[in-house]
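The next block holds one structure in the form of structure tokens; read it before the comments.
2 protein chains.
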Amino acid sequence: MYFTSIKKTKEEKTRSGVSVWWLLSEEIGVPNFELRYFEFGKGMHTSYGSHPWEHEVFVVRGQGVVKGKNLEKKVKVGDAIYIASNEEHQFLNYQDEPLCFVCVIPKGAEKKTKK
Amino acid sequence: MYFTSIKKTKEEKTRSGVSVWWLLSEEIGVPNFELRYFEFGKGMHTSYGSHPWEHEVFVVRGQGVVKGKNLEKKVKVGDAIYIASNEEHQFLNYQDEPLCFVCVIPKGAEKKTKK
Chain A
78 MYFTSIKKTK EEKTRSGVSV WWLLSEEIGV PNFELRYFEF GKGMHTSYGS
128 HPWEHEVFVV RGQGVVKGKN LEKKVKVGDA IYIASNEEHQ FLNYQDEPLC
178 FVCVIPKGAE KKTKK
Chain B
78 MYFTSIKKTK EEKTRSGVSV WWLLSEEIGV PNFELRYFEF GKGMHTSYGS
128 HPWEHEVFVV RGQGVVKGKN LEKKVKVGDA IYIASNEEHQ FLNYQDEPLC
178 FVCVIPKGAE KKTKK
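Here the protein sequences line up with chains A and B, keeping their order. At position 98 of the first sequence the residue is numbered 175 (this note's numbering), and the sequence of numbers has no breaks. At position 21 of the second sequence the residue is numbered 98 (this note's numbering), and the sequence of numbers has no breaks.
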């Protein structure tokens, strides 16, 4: 077994300035999928786009908006979102409270952002 | 995209009486892994055992203990745990607050509990 936490994991930043913690990544030997934690404040968002792999998301704190092609939907704590491969998507936070979610992807689909 | 929540998903019970919500399961077409949400109260635990697939866990609320072979470790909100295939494991809650976590598994590895 392998134990870690947000505090014990290095905080990284995406191109759009969003904080990401790669909690369970291929570096520790996961065989199939990687689990990351995202957090960002008011007025911030992830980049809009698509890629050939899926996301499975669970909202841990706050509330936000998910935008897609002809779609805009509010999400909040306790919500789960499945984003299929090649679906355009973006997460935005308009609230004072940080938006925090877990996002799982197939192993090796994305690479950690280089600082 | 597919949106759901704990409230919109059917609560199921494991053999040990633990509540599980299969938020993103193969039923909705996920290609690689399934995301479930677990919750249980004081004095409750998941069953002790192992199986030939991994778990990736993120603790969303409360605190608990993870037991394994010659291992006992406290976990709390913000912790992530990787349990490799065939590793013995069990989650226990000794606190008044419910223990809640997300647990991701390879698609089809487990089946929903029949009520």
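Think of the CB as a built atom: it goes at the ideal place given N, C-alpha and C, for glycine as much as any other residue.
- With fewer than 16 other Cβ atoms from the protein chains shown falling within 10 Å of its own Cβ, L148/B counts as exposed.
- Pairing V142/A with V154/B, the inter-Cα distance amounts to about 24 Å.
- Classified as exposed, N163/B has fewer than 16 neighbouring CB atoms from the shown chains inside 10 Å of its CB.
- Beta-bridge annotation (DSSP): I83/A is not paired with any residue.
- Contact check for S96/B against F117/B passes: the beta carbons are separated by less than 8 Å.
- Boundaries of the beta strand (DSSP E) around K153/B: 148-153.
- Taking 8 Å as the CB threshold, V142/B stays off the interface with chain A.
- Y159/A is positioned such that its CB atom lies no closer than 8 Å to that of E187/A.
- Pairing S124/B with Q167/B gives a Cβ-Cβ distance under 8 Å.
- Boundaries of the beta strand (DSSP E) around V179/B: 176-183.
- The closest CA to that of S82/B, considering only V181/B, L100/B, P175/B, is found on L100/B.
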